[in-house]
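Reviewing the structure listed below.
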Amino acid sequence: MSIRMGDIRRGAAQAIAHPSRVLKKDCGVILENMKQFSEAAQLYEKGQYYDKAASVYIRCKNWSKVGELLPQVSSPKIHLQYAKAKEMDGKFKEAAQAYESARDWDNGVCVSGLRRLPRPMRVPGTGIMLCVCQV
């Protein structure tokens, strides 16, 4: 009720303290609709809705939090968005790992070739190691 009345901090704190995952998700949805993305993402994270939390952190451009959540995120789309952001920042090693998690082999190989990574990319299930020759 505090969230709907405008006391966002108090409402979010109450939702975080409550043991119900569903309550955290419902409050996160309300906060997201109110454009309170940071608080919504925190509630999703505390409720263990990691894909949703990472998606909302992406909307906030909070890449450090997205990076922390990435091991628990199952959505290739989120891994791909993170990889593109890291590539734009020039962090090619992190980008290559995220592309590999997103199963975007083409971009992963391209990024691996931009900066010589310590190991070439593996294509799962094929036994093939991909290396890019520097031009």
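Sequential numbering from 526 applies to the sequence shown in the numbering used here. All residues carry an ideal CB built from backbone N, CA and C; glycine is no exception.
- Rounded to the nearest angstrom, the gap between the Cα atoms of Trp588 and Met530 is 30 Å.
- The beta carbon of Ser600 lies closer than 6 Å to those of Asp576 in the same chain, with the five residues before and after it left out.
- Glu612 places its beta carbon 7 Å or farther from that of Val634.
- The continuous alpha helix (DSSP H) containing Leu594 extends over residues Trp588 to Leu594.
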